[in-house]
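In UniProt numbering, the protein residues as written are 1 to 161.
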């Protein structure tokens with residue numbers, strides 16, 4: 001069974017980055033969660049050939065999966081996945097959604113995902129990633145307030161985008 005650990009420093013040289021995911025916020029401070037059936041996830045995915053910049057990967061995936069444009073993403077850290085064969089990194093970033101478009105099918109899967117806006121404090125429970133997930137969600141919520149300048153209190157109720 002894979003082991004997961006959360007790190008806020010840069011990804012070490014030689015550790016492959018296999019995925020980039022984003023904690024994406026709307027200006028009122030709520031977080032976008034992607035719904036795939038009953039599974040809650042963050043927008044993001046794998047680098048395509050030639051892609052190396054985390055920001056480019058996240059921008060592309062945000063548009064493909066949840067049809068949103070984002071402002072400049074902020075690096076939060078990475079989750080190291082040790083699968084017993086070849087450890088790899090899953091980068092996490094936080095960004096403000098600058099424009100949302102009507103939902104459309106993901107070019108890779110053909111599925112149209114639902115988009116749920118939630119209070120950031122709900123992310124750890126909804127994502128169900130265990131302790132490392134709570135650490136990531138906390139880092140994202142802190143970055144949303146301290147770096148992105150979003151409100152921490154008085155957020156609207158959950159809704160679909």
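No residue lacks a Cβ here, since even glycine has one placed at the ideal position from N, Cα and C.
Own chain residues within Cβ distance below 8 Å of residue i, not counting five before or after
| i | result |
| --- | --- |
| residue 112 | 103, 104, 105, 106 |
| residue 74 | 93, 94, 95, 143, 147, 148 |
| residue 135 | 6 |
| residue 28 | 150, 151, 155, 156 |
Pairwise C-alpha distance: residue j and residue i
| i | j | result |
| --- | --- | --- |
| residue 160 | residue 26 | 12 Å |
| residue 152 | residue 68 | 22 Å |
| residue 40 | residue 14 | 30 Å |
| residue 9 | residue 77 | 6 Å |
| residue 4 | residue 88 | 10 Å |
| residue 184 | residue 37 | In the structure as shown, the chain starts at 1 and stops at 161, and residue 184 therefore has no counterpart that could be examined. |
Nonlocal neighbours in the same chain, by C-beta distance under 6 Å from residue i, ignoring five residues either side
| i | result |
| --- | --- |
| residue 20 | 44, 54, 57, 58, 91 |
| residue 2 | 81, 83 |
| residue 101 | 67 |
Beta-bridge partners of residue i, as assigned by DSSP
| i | result |
| --- | --- |
| residue 19 | 90 |
| residue 33 | 116 |
| residue 39 | 36 |
| residue 24 | 32, 95 |
| residue 45 | 20 |
Same chain only: Cβ atoms within 7 Å of residue i, ignoring 5 sequence neighbours per side
| i | result |
| --- | --- |
| residue 131 | none |
Item to complete: Report the residue ranges of all alpha helix (DSSP H) runs contained in full by the segment 61-103; include only those spanning at least 4 residues, in chain order.
Response: none
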